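Single-structure report; data block below.
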Amino acid sequence: MAEAKLGPVDEINRIIRENRVSEYRSPNLKLGMRPLEFARGSARWAWENQPASVLNPFGTLQGGYLALFIDEMLATAIGSVLEAGEWAVTAEVKISYLRALRPGQLSGSARVVRRTRALAFMEASVSTADGTLATTATSTWAISKE
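All you need for this note's numbering is the position in the sequence shown, starting with 1, plus 153.
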């Protein structure tokens, strides 16, 4: 399988704005994460069948990999509101791990709560297959123009 390559920021954001989830590329998709829907200011994702490499010695998902899942959701939610020539990076993130997670079907969503010229305030959550809330996050993103 050929390596996925990231395209220019404007093209990635266009894919997100147009809800072309099948065309979205990220190296993290190799871990089984996948986008379900992109909408203006929000994104929905699923993560099923996590590989053993993302588990800690106790058999639960390592928090850093859940943070990666959340970051993918946040990045696609912010991408949906960026205009041509704009790009954004995480300025800060706070993640609350509400429970340990065993491998299994996870769903997540992220949304832009408020966007200004230079900042976006965001939130995200991850739930188990039965709808149990497992992880929450708030984040601030810095927006720049080329």
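No residue lacks a Cβ here, since even glycine has one placed at the ideal position from N, Cα and C. Remember, predicted model here, so these are calculated numbers, not experimental data.
Query - Bridge-paired residues (DSSP) for R197 - result: For R197, the pairing in a beta bridge is given by DSSP as E190 and S262.
Query raised in the report: Taking just the CA atoms, how far does S278 sit from N172?
Result: N172 and S278 have their C-alpha atoms roughly 20 Å apart.
Report task. Note the first and the last residue of the continuous beta strand (DSSP E) segment covering L286. Result -> Segment L286 to K298, the beta strand (DSSP E) holding L286.
Requested in this report: From the DSSP output, in three-state form, read off L214 for me.
Outcome: It is a strand residue.
**Report entry** Cα-Cα separation between V162 and A273, rounded to whole angstroms
**Finding:** Roughly 17 Å between the two C-alpha positions.
Requested in this report: Apply the 10 Å Cβ neighbour rule to F191 and answer buried if 16 or more other Cβ atoms are within range, or exposed otherwise.
Outcome: Per the 10 Å Cβ criterion, buried.
Report task. Measure from the alpha carbon of R197 to the alpha carbon of each residue in L184, L259 and G212, then state which is nearest. Result -> Among L184, L259 and G212, the Cα nearest to that of R197 is on L259.
Requested in this report: Please classify S206: is it buried, with 16 or more other beta-carbons within 10 angstroms of its beta-carbon, or exposed?
Outcome: That one is exposed.
Query - Close-in-space but distant-in-sequence residues of the same chain around G215 (CB under 8 Å, 5 per side omitted) - result: One point to set straight first is that residue 215 is Gln, not Gly, in the sequence displayed. Result list for Q215: V207, L208 and N209, in chain order.
Query - Of the listed residues E176, W294 and G212, nearest to R264 (C-alpha basis) - result: Ranked by how close their Cα comes to the Cα of R264, the residues E176, W294 and G212 have W294 in first place.
**Report entry** Residue burial classification, F211 (beta-carbon count within 10 angstroms, cutoff 16)
**Finding:** By the C-beta density criterion, F211 is exposed, having fewer than 16 other C-beta atoms within 10 angstroms.
Requested in this report: Give me the Cβ distance between L219 and T288, rounded to the nearest whole Å; I'm assuming they're in contact under 8 Å.
Outcome: Confirmed, Cβ separation roughly 5 Å.
Query raised in the report: By Cβ distance below 6 Å, which residues in the same chain neighbour T281 in space, the five residues on each side in sequence not counted?
Result: Cβ within range, chain order: A287.
**Report entry** Closest residue to M186 among R178, W200 and S175 (Cα-Cα distance)
**Finding:** Distance check between M186 and each of R178, W200 and S175 places W200 closest, using alpha-carbon atoms only.
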